[in-house]
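Chains as they are written, first to last, in this note's numbering: chain B, 3 to 405; chain W, 773 to 1148. Each residue gets a CB set at the ideal place from its N, CA and C atoms; glycine is no exception. All of these numbers come straight from a predicted model, not from anything done at the bench. Worksheet for the structure shown next.
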Amino acid sequence: MTATATGLTLDQLLQRVDDFLAEHDPASLTTDEERMAWLRARYDAGLAWVHFPEGRGGLGLPRSWQVEVDAKLTAAGAPDNRSRTNTIGLGMAAPTILGFGTPEQLDRFLRPLWTGEEIWCQLFSEPGAGSDLAAAATRAVKDGDEWVVNGQKVWTSGAHNADWAILVARTDPDVPKHRGLSYFLCNMHDPGVDVRPLRQITGEAEFNEVFLTDVRIPDAHRLGEVGEGWKIATFTLNNERVAIGGGSNPREGALIGTVAKTWREHPERRTPDLHQRLLKLWVDAEVMRISGQRLRQKLAAGQPGPEGSAMKLSFARINQELSGLELEILGEDGLRYGDWTMRRPGIGAMMGRDAGFRYLRLKGNSIEGGTSEILRNVVAERILGLPGEHRVDKDVPWKDIPR
Amino acid sequence: MSTTPTTPTSTSTADLDLLYTELEDDLRSSVSALLGARCDEHRVKAAYDGDDSLGKELWPALAGELGLAALLVPEEQGGAGASAREAAVVCEEIGRHCAPVPFLTSAVVATTALLADGATEAASALLGELAVGERTAALVASFVAGPGDADGLGVRPGDQVRSVAGALEADVLLVPYAVDGGVELRAVPTDAVTVEPVVSLDMTRPLADVTVPEPTGEVVVPATAGVAAVRAALTTGAAMLASEQYGVAQWCLTTSLAYLKERRQFGRVLGGFQALKHRLADLYNEVESGAAAARYAAAAVAAGEDVEVGTAVAAAYCGDMAVHAAEEAVQLHGGIGMTWEHAAHHYLKRAKADQIGLGNPGAHRAAIAELVDLPG
């Protein structure tokens, strides 16, 4: 890691990728240990996420350049860092830890997170705190150098595969709700963590309920100051909305590609009505793709703001309309469903599933990561500067709020 | 949450810069300053009562003082050698001010036709005159014609072409004569042509019916290249119109927003009602999406990459988007939005006419169906 690295040009960066590949040939890797060593070396070379600082897996370069680095490394046969399994870790936990962590926390968590050695999940929502996340009731009580955590979390994607979680818990019930929260990094292997499947409308259980009973978290794994939990959670959620709504895709690289393929393969199913609706959605999907590209260019130097919320509104609507249209195009086949058996899919297991599954699963797009109704409030208040909603619980100590 | 990726279609996309360069920002500032000072909304309104003096003052200032007519003309032909990216910024500002100037019809559509492959020496000479603002041109085609109509626009002497945009402001018309072997574009001085003004839905882009005379004037694009020239002109025109539509929509959004922050009923500002907040949030999202689409089209035309799909997508999306924004502006202003006094109707009329102009959204979607292999 040299001090001169910052300020590399794109060409210099790509040269550095070539140099790295010359020293670390992916073709020579045979064992899992060797592959992991290669991933650690890539992290140490600053080629993991180039927009992160030097020493933290990056080189302080524009976020958009990562695409070219990835393309080169993938072409050379680079090992996979389980990015599809660790979307919450990479998209949400990592930027939050980078933004608020101590140097010790950054040293401890970022590299194994990026390499996929440690998978992360998110312990935010609760049965009584959905859209109103700041009402979270999971309690964390200080006991010496540790916190003792009790409560119930819900809608936790991938908790059954996770090693660590980002956790929001109440550390002070005597102050108004936004001020009494703190943010923790929670070990999912703690004996007090009980993960139970939550079956959903698709028939399977992608999510979980997580019961926390006397879970002990060292104070060294608290992120940010005590009472700063809301601020940090908001930061995480802005990243989530970008992660969900702003993914980089080629044309027809998202759901529209699947539906267009069905259309091309089945001339016998075409009707003028379906054609018009497909073309409108094709345009909407392409405009969303371009908007995502523009948003990424805007963000190349900065942090995600509420603009991601607007993107996610489009993403949810288009996915839901498209998946509904797909069933109509499929006609008789649209009346069938693959399998209602209760199963435990991996995260992001949308691939290879049938249209009925997609139609049902994508209903979640306007609920998860902020409902579309809440996101419209976010856009209206934080981007457009319109007045906030009336809040009867804002200045009341959390313990006195009726529930 | 990702969904199934598939092989992209054969249509390749371009990795284009969708933001504004410093130069483009500077250009916007000067156009905005000039229009802000001189494009008074009461004088815009006067066009509906027969007073078209504002456009006659503004156009020489924009074309001459700011040199905007020269943007798309190459330097070696006396122009500024800029690109569609800069022209799009101008279109945004024209839309935002609802300015009654023939920038789109002369400095974009006619200019692009004259830049076609195979254009003659006479075309080059005319470009030089257009660039310095000495002359103003218009293509003789109905304003409804879009890129998909290009091969059906050839005319014969005696034909009447209805609803031509920019003809009233022009002193030279590019007439696409149908001849043996194709369509030949001739530069015909307007005094040789019957140009009859019509009462237009949008009087900030007044239309005229043009009666085609016997062939006269110099050939600027020969018969073999005419259809391609017209298609290129209408494609660039449609791409730039999307930026104008974005400008129109942005005025509607910001004006409605400002009004709802100030207007009080039931003891509260209207913008605090969630039903209205959500409508504005959706409108913001739609307008921002349109901004990205319009910017992509401009960058695509400038780079010569992914031009047809990029243009059709922007045109299909922004046409409806601007109309929606203008209709929302009228509704969200309540009674005042229905008055002659308020400017909202200038934008509604402009947006509606723009939606129909240079190919309507359905025509652009039909083009997409062919371009990306989604047959009906």
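- Scanning the stretch 907-941 of chain W from its first residue to its last, the whole beta strand (DSSP E) runs of 3-plus residues come out as 909-911 and 932-937.
- For P961(W), the number of other beta carbons within 10 angstroms of its own is below 16, and it is reported as exposed.
- Note that the C-beta distance between G60(B) and W51(B) is below 8 angstroms.
- Under the 10 Å beta carbon count, T1111(W) is surrounded by fewer than 16 other beta carbons and is classified as exposed.
- In the structure shown, the three-state DSSP call for L125(B) is strand.
- Straight-line measurement puts the Cα of D952(W) at about 44 angstroms from the Cα of P252(B).
- Beta-carbon to beta-carbon, R218(B) and E148(B) are separated by about 5 angstroms, close enough to satisfy the 8 angstroms threshold.
- Annotated three-state conformation of E211(B) is strand, per DSSP.
- Straight-line measurement puts the Cα of M1093(W) at about 7 angstroms from the Cα of E1058(W).
- Ranked by how close their Cα comes to the Cα of D109(B), the residues R360(B), G79(B), E56(B) and D145(B) have E56(B) in first place.
- In the structure shown, the three-state DSSP call for A871(W) is coil.
- For A47(B), the three-state secondary structure derived from DSSP is coil.
- Within the stretch 1073-1106 of chain W, those residues whose Cβ lies closer than 7 angstroms to any Cβ of chain B are, in chain order, V1085, A1088 and Y1089.
- L214(B) places its beta carbon 8 angstroms or farther from that of G231(B).
- In the displayed model, F237(B) falls within a helix according to three-state DSSP.
- Looking from the CA of Y339(B), the closest CA among R360(B), N321(B) and R346(B) belongs to R360(B).
- Scanning chain B for C-beta atoms nearer than 8 angstroms to the C-beta of V1041(W) yields P389, reported in chain order.
- Nearest C-alpha to A1069(W) among G1062(W), A1021(W), D1054(W) and A1086(W): A1086(W).
- Here R172(B) is buried. Its C-beta has 16 or more other C-beta atoms within 10 Å.
- Listed in chain order, the non-local C-beta contacts of K300(B) below 8 angstroms within the same chain comprise E309, local neighbours out to five positions each way being set aside.
- CA-CA distance, E829(W) to G294(B), rounds to 41 angstroms.
- Of the candidates K396(B), D395(B), P389(B) and G371(B), G371(B) places its Cα closest to the Cα of M94(B).
- The three-state secondary structure of E968(W), taken from DSSP, is strand.
- The C-alpha of G850(W) lies about 14 angstroms from the C-alpha of A894(W).
- Here the stretch 117-136 of chain B lies against the stretch 159-178 of chain B, with 3 or more beta-carbon pairs under 8 angstroms apart.
- Contact of E211(B) with chain W is not assigned, every C-beta pair being separated by 8 angstroms or more.
- Within the stretch 1130-1147 of chain W, contact with chain B at the beta-carbon level (separation under 9 angstroms) is assigned to P1133, G1134, H1136, R1137, A1138, I1140, A1141, V1144, D1145, L1146 and P1147.
- Between A1097(W) and C1024(W) the beta-carbon gap is near 4 angstroms, inside 8 angstroms, which marks them as a contact.
- One thing to note: L324(B) has its Cβ no nearer than 8 angstroms to the Cβ of A1141(W).
- Against chain W, a Cβ distance below 8 angstroms from K300(B) picks out L791.
- When C-beta atoms of the stretch 1006-1024 of chain W are compared with those of the stretch 963-972 of chain W, fewer than three pairs fall below 8 angstroms, so the two segments do not count as touching.
- When the five nearest sequence neighbours on each side are left out, the beta carbons in the same chain lying within less than 6 angstroms of the beta carbon of D192(B) are those of V217, in order along the chain.
- Pairwise C-beta distances place the stretch 1043-1055 of chain W out of contact with the stretch 969-987 of chain W, as fewer than three of them are shorter than 8 angstroms.
- The beta carbons of L1006(W) and L840(W) sit about 20 angstroms from each other, so the pair does not count as a contact at 8 angstroms.
- Taking all protein chains shown into account, G91(B) has 16 or more neighbouring C-beta atoms within 10 Å of its C-beta and is therefore buried.
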